[in-house]
Amino acid sequence: MKLLEVDNLTTYYKLKEGYVRACENISLQLDRGEAVGLVGESASGKTTAALSLVKLLPENAIIKAGRIMIDGHDISGAGEEELRKIRWKEISIIFQGAMNALNPVRRVGEQIVEALKIHEKISDKEAIRRTAELFDQVEIDPDRVREYPHEFSGGMRQRVMIAMAIACNPKIVIGDEPTTALDVMVQAQVLQLLENLRRERQMGLILITHDLSVVGETCDRVAVMYAGQIVEDGPTEKVFSDPAHPYTRALIAAFPNIEGERNLASSIPGNPPNLLYPPGGCRFHQRCSEAKAGCRDIEPAITELAPGHRACCHLLQGRVKV
Amino acid sequence: MNSALVKQETVTLWKKNFSSFWSIFRENTMGLIGLIILAIFALMAILGPYLVDISILTVDGVTQVMHPPTAGYVLGTDDLGKDILASVIIGSRVSLLVGLAATVISMVIGTLVGIVSGFYGRAVDTILMRITDVFLVIPWLPLMLVMAALLGPSLGNIIFVIGITSWAGTARIIRSQTLSIKERPYVERARAIGSGDGHIMLHHILPNVFPLIFANTVLVAAVAILSETTLSFLGMGDPTQVTWGMMLHFAFSMGAVSFGAWWWLLPPGICVVLVVLGFTFIGYALDEVLNPKLRRRDQ
Amino acid sequence: MKPVAQNINNSALLTVSGLEVHFTARSGFLTSLLSRETIRVRAVDGLDFNLARGEILCLAGESGSGKTTTGKAILRLVEPTGGDIFYNGENVRQFNRSRLRRFRQDAQIIFQDPYESLNPRQTVFSTVAEPLEVNRLTSSQGEKEERVAEALSDAGLNNPRELFLRYPHELSGGQRQRLAIAGGLVLKPHFIVADEPVSMLDLSIRAGILKLMVDLRDQKGISYLFITHDLSLAWLVSDRIAIMYLGKIVELGSADEVIKKPLHPYTRALVSVIPVPKRISLADKTLLKGETPDPINIPTGCRFHPRCPIKQARCREEEPLYRQVEGGRFVACHFI
């Protein structure tokens with residue numbers, strides 16, 4: 001039984017003008033101790049997908065369809081009461097820009113203690129002890145529990161947010177752009193921390209990012225999202241070395257690679273489509289350099305290229321790679 | 001596209017801006033009510049002399065004095081036999097005019113001080129803000145009374161007095177916004193292309209402060225009209241001019257209360273209340289319309 | 001001991017010598033009561049480099065390295081507190097108001113944030129025309145429109161006249177950055193400071209903007225000071241790279257040399273953590289401990305020594321000289 005199974009998750013946002021089809025038919029699987037990367041640029045729907053998993057969506061969001069199963073238990077229909085028990089204890093999230101989410105006028109330790117006591121019935125003393133332990137696990141000196149957020153650097157604040165996310169020992173942690181806005185050295189440090197925590201606790205980790213390299217360094221599997229849909233998913237190694245979908249190929253080509261040629265030519269023309277009125281057929285066809293006649297009208301089906309490696313593209317149909 | 005077309009297109013652009021603003025504004029019930037109220041009074045003020053025969057306001061020994069509403073005199077008469085309704089309509093002109101003129105003075109001074117103070121900072125800021133503080137702290141009513149008493153009862157003086165006692169709050173708000181805008185990268189860019197201080201204040205600070213000015217003006221106008229009413233009521237106004245405040249002044253001093261002449265007391269008072277409410281409603285609506293106007297990002 | 005200043009190269013477009021930008025910060029209330037010390041933030045603490053005509057020189061470093069402050073100081077958007085800046089042989093720090101204004105026509109800047117660096121209330125036309133108006137460079141509306149259209153087109157925005165009356169929020173991130181570039185190009189500059197020009201843009205858009213920059217250099221001979229924290233971009237685009245740490249340059253050389261054969265331990269560490277789009281292990285990377293310290297508390301001796309994997313006792317006491325080790329290669333380390 002998989003730790004997390006998401007089937008055909010579809011979330012829309014309701015606006016005055018209509019529905020923004022933020023993510024459609026998202027299917028994911030996660031095993032214990034596994035890390036999956038969700039890669040996409042802005043407006044790809046990756047954050048919406050993440051928020052849908054913990055049901056922390058804004059008011060005008062509607063989950064139209066899909067099943068979310070944690071350890072075989074379907075939470076898609078769960079009410080607030082049940083969700084409260086699940087959030088943070090089974091699945092937690094590190095939000096985008098989380099390092100700015102700390103209350104500046106309260107001590108850092110207090111904020112974790114508060115989070116602990118909300119979710120678990122433990123005494124103050126126990127909560128404080130666990131907080132110090134958490135600081136240790138995220139490699140911050142436990143004596144700093146009494147300091148204020150402004151006394152921490154960006155990287156350290158992010159570690160505090162990680163501590164908060166793992167406080168109740170969840171089975172699954174979602175990191176939404178956990179290293180954006182951090183210096184490259186600090187980024188590497190934080191990723192290594194997440195790696196270590198994942199292995200020690202056998203947590204499932206979903207990393208959401210626009211940065212392919214983050215995925216390359218930490219994730220066993222990757223799903224590439226474009227305009228609200230998953231266009232390719234599979235083992236990281238395979239997807240990077242042998243990308244099947246034109247968008248994945250273009251994305252990898254656009255990534256500056258110091259081990260390759262100094263090549264500035266790759267850039268994808270145009271902009272992502274407006275998801276209020278998504279284009280018919282394949283959503284990438286307007287920007288695809290290999291688009292053919294049928295791509296405009298017919299939505300591509302999922303092609304399984306190899307066990308675990310799938311992509312949605314008309315050009316792949318009938319072709320099974322081994 | 002030649003330059004005449006550019007000018008024409010610019011006009012179309014202004015229209016586009018206005019209609020997008022209007023489409024949001026008209027969703028706001030409070031704002032609409034406020035707008036309707038003010039429209040009614042504005043019409044009243046503009047069309048006043050055509051609706052009312054001025055001669056009704058001259059004292060003829062014929063009309064009954066202190067007479068409750070009857071046919072021909074919808075709101076009754078005052079102690080000199082003048083028609084109350086006519087007085088209210090004519091009075092709206094001056095009341096509104098004084099209020100608006102004072103508002104203009106107040107906003108101009110407040111905006112100037114706010115922008116200059118916020119933009120230059122340091123010594124200029126300190127000096128200007130201390131002056132502003134003085135005007136903020138002095139209780140406006142006694143100040144107004146003293147000044148009105150010293151300068152003499154005339155409408156021009158009232159406008160002046162109200163104007164200079166109400167600019168301080170605006171200055172603070174605008175200064176605060178200026179401080180924030182000053183730090184934006186586009187202001188730095190303006191410097192990098194060689195703009196001088198004046199150009200930056202006029203073309204970058206002012207347009208971005210404008211929504212705040214607009215919202216603030218509306219509320220200051222409400223206060224200004226109320227202030228004029230207060231001053232006139234207390235006897236500082238020009239007795240030869242008909243304003244709502246003067247009507248109340250004469251009503252009280254001529255014993256309308258003991259006489260039970262409600263038709264003389266209520267109409268001017270209600271008019272003032274309604275106009276102030278009108279401005280305040282619009283002010284609240286503007287706040288809602290202009291605040292969530294965040295830039296649309298691609299994400 | 002002051003590092004040896006480079007020879008002022010009169011054929012270089014820009015020569016920076018001993019540049020310092022120190023800020024004084026006010027300490028907290030109690031601290032200022034109890035002590036007389038003013039806190040000095042030594043954001044830029046002694047820089048020497050040249051920029052040749054038509055060259056793209058990258059100032060690379062993490063946050064707190066002083067790279068952005070350097071870029072702004074050269075344009076005097078932030079006033080330098082020490083050292084010299086020579087532009088075409090003239091001393092920039094001594095420019096009076098009118099000379100500074102002419103300098104600003106020749107030396108432009110592109111900011112990092114394409115959302116915040118444009119006035120939301122100015123149309124596309126107005127944004128690009130403003131530099132012309134402020135400097136009184138055109139005499140008729142027609143001429144103004146011509147030059148605006150030309151600048152927009154040079155910046156890669158097709159059908160420029162159709163964009164004239166649009167507002168920035170109607171454009172995408174990439175288009176907005178091109179608009180910002182057009183706003184600088186309209187003055188026909190010879191030198192542009194590009195401060196993280198693509199870090200806020202999507203990956204697939206970045207290459208386009210970088211290619212634009214390089215094309216402008218190739219076609220119009222514009223020199224760039226390219227400021228970034230992303231070494232892979234630096235490598236892709238620059239002729240030479242200067243690695244900055246806490247206000248000083250620790251290594252300078254050609255892009256290939258610095259990235260493929262780094263000398264300074266800090267450069268080595270940074271290069272080892274450069275992201276690559278493939279499946280690799282974090283264990284192969286040299287992860288430094290801790291983070292860059294505050295420029296308020298610069299370590300004694302070699303400022304990198306607390307985090308340096310090869311530090312010795314000498315590093316804590318003596319600041320290393322910034323010197324040439326091979327032709328055109330400069331390093332500041334005791335052990336190179």
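Respectively, the protein sequence lines represent chains A, B and C. Going by our numbering, the first residue of the first sequence is number 1, and it counts up by one from there. Going by our numbering, the first residue of the second sequence is number 1, and it counts up by one from there. Going by our numbering, the first residue of the third sequence is number 1, and it counts up by one from there. The beta-carbon is built from N, C-alpha and C at its ideal position, and this holds for glycine as well.
{"Check": "Check: Gln177(C) C-beta below 7 Å from any heavy atom of the ligand PLP", "Outcome": "Within the structure as shown, the ligand PLP is missing, as the structure has no ligands at all."}
{"Check": "Short CB-CB distance (under 8 Å) between Ile93(A) and chain C", "Outcome": "no"}
{"Check": "Distance CB(Pro243(A))-CB(Glu290(A)) smaller than 8 Å", "Outcome": "no"}
{"Check": "Cα-Cα separation, Thr10(B) to Asn158(C)", "Outcome": "21 Å"}
{"Check": "Distance between Gly174(C) and Asp125(B) (C-alpha atoms, nearest Å)", "Outcome": "39 Å"}
{"Check": "Any 3 or more C-beta pairs closer than 8 Å across the segment 217-235 of chain C and the segment 136-146 of chain C", "Outcome": "no"}
{"Check": "Alpha-carbon to alpha-carbon, Asn17(B) and Gly237(B)", "Outcome": "41 Å"}
{"Check": "Val105(A) in three-state terms, based on DSSP", "Outcome": "coil"}
{"Check": "Short CB-CB distance (under 8 Å) between Asn88(C) and chain B", "Outcome": "no"}
{"Check": "Closer than 8 Å to chain C by CB, Leu191(A)", "Outcome": "yes"}
{"Check": "Chain C contact residues for Leu343(B), given Cβ-Cβ distances below 8 Å", "Outcome": "Because chain B is modelled from 1 through 299, residue 343(B) falls outside the range shown and cannot be assessed."}
{"Check": "Length of the line joining the Cα atoms of Leu179(C) and Ala155(C)", "Outcome": "7 Å"}
{"Check": "Proximal residues, the segment 190-222 of chain B versus chain C, C-beta separation under 9 Å", "Outcome": "Ala190, Arg191, Ala192, Ile193, Gly194, Ser195, Gly196, His199, His203, His204, Pro207, Asn208 and Phe210"}
{"Check": "In chain order, each beta strand (DSSP E) run of at least 3 residues that lies wholly inside the segment 66-128 of chain C", "Outcome": "82-87 and 107-110"}
{"Check": "Cβ of His190(C) within 8 Å of any chain A Cβ", "Outcome": "no"}
{"Check": "Integer Cβ distance of Ser204(C) from Leu251(A), believed to fall under 8 Å", "Outcome": "6 Å"}
{"Check": "Straight-line Cα distance separating Leu231(B) from Leu100(B)", "Outcome": "15 Å"}
{"Check": "Inter-residue spacing [alpha-carbon to alpha-carbon] between Ile109(B) and Glu80(A)", "Outcome": "54 Å"}
{"Check": "Close beta carbons around Phe259(B), own chain, < 8 Å, minus the five adjacent residues each side", "Outcome": "Met66"}
{"Check": "Within chain A, partners of Arg240(C) - CB distance below 7 Å", "Outcome": "The premise fails here: Arg240(C) is roughly 14 Å from chain A at the closest Cβ pair, so nothing lies under 7 Å."}
{"Check": "Neighbour flag for Pro58(A) against chain C, beta carbons, 8 Å", "Outcome": "no"}
{"Check": "Test: Glu27(B) CB closer than 8 Å to a CB of chain C", "Outcome": "no"}
{"Check": "Range of the contiguous alpha helix (DSSP H) that encloses Ser323(A)", "Outcome": "Missing from the structure shown is residue 323(A); chain A here goes from 1 to 322 and no further."}
{"Check": "Collapsed DSSP secondary structure at Glu90(A) in the structure displayed", "Outcome": "coil"}
{"Check": "Three CB pairs or more closer than 8 Å across the segment 30-48 of chain A and the segment 87-94 of chain A", "Outcome": "no"}
{"Check": "Residues within the segment 186-215 of chain A neighbouring chain C, beta-carbon criterion of under 9 Å", "Outcome": "Val186, Gln187, Ala188, Gln189, Leu191, Gln192, Glu195, His210, Asp211, Leu212, Ser213, Val214 and Val215"}
{"Check": "Simplified DSSP state of Gly280(A), which is helix, strand or coil", "Outcome": "coil"}
{"Check": "Residues that Ile258(A) contacts on chain C, provided the C-beta gap is smaller than 9 Å", "Outcome": "Leu231, Ser232, Trp235, Leu236, Ile259, Lys260, Val271, Ile274 and Val276"}
{"Check": "Residues bridged to Gln29(A) [DSSP beta-bridge criterion]", "Outcome": "Glu5(A)"}
{"Check": "Neighbourhood of Ser106(B) by C-beta distance below 6 Å, restricted to the same chain and skipping five residues each side", "Outcome": "Gly163, Ser166, Trp167 and Val220"}
{"Check": "For Arg307(C) and Gly290(C), the rounded distance between their alpha carbons", "Outcome": "7 Å"}
{"Check": "Contacting residues, own chain, Cβ-Cβ under 6 Å from Asn7(C) (five flanking each side not counted)", "Outcome": "Low confidence applies to Asn7(C): its pLDDT is 40, below 50, so where it sits in the model is not reliable, and the reading given next is rough at best. Closer than 6 Å at the Cβ level, and outside the excluded window around Asn7(C), lies no residue."}
{"Check": "Distance between Cys282(A) and Asp141(A) (C-alpha atoms, nearest Å)", "Outcome": "51 Å"}
{"Check": "Classification of Ile209(C) by the beta-carbon crowding that lies within 10 angstroms, buried from 16 upward", "Outcome": "buried"}
{"Check": "Secondary structure of Leu15(A), DSSP reduced to three states", "Outcome": "strand"}
{"Check": "Val186(C) in three-state terms, based on DSSP", "Outcome": "coil"}
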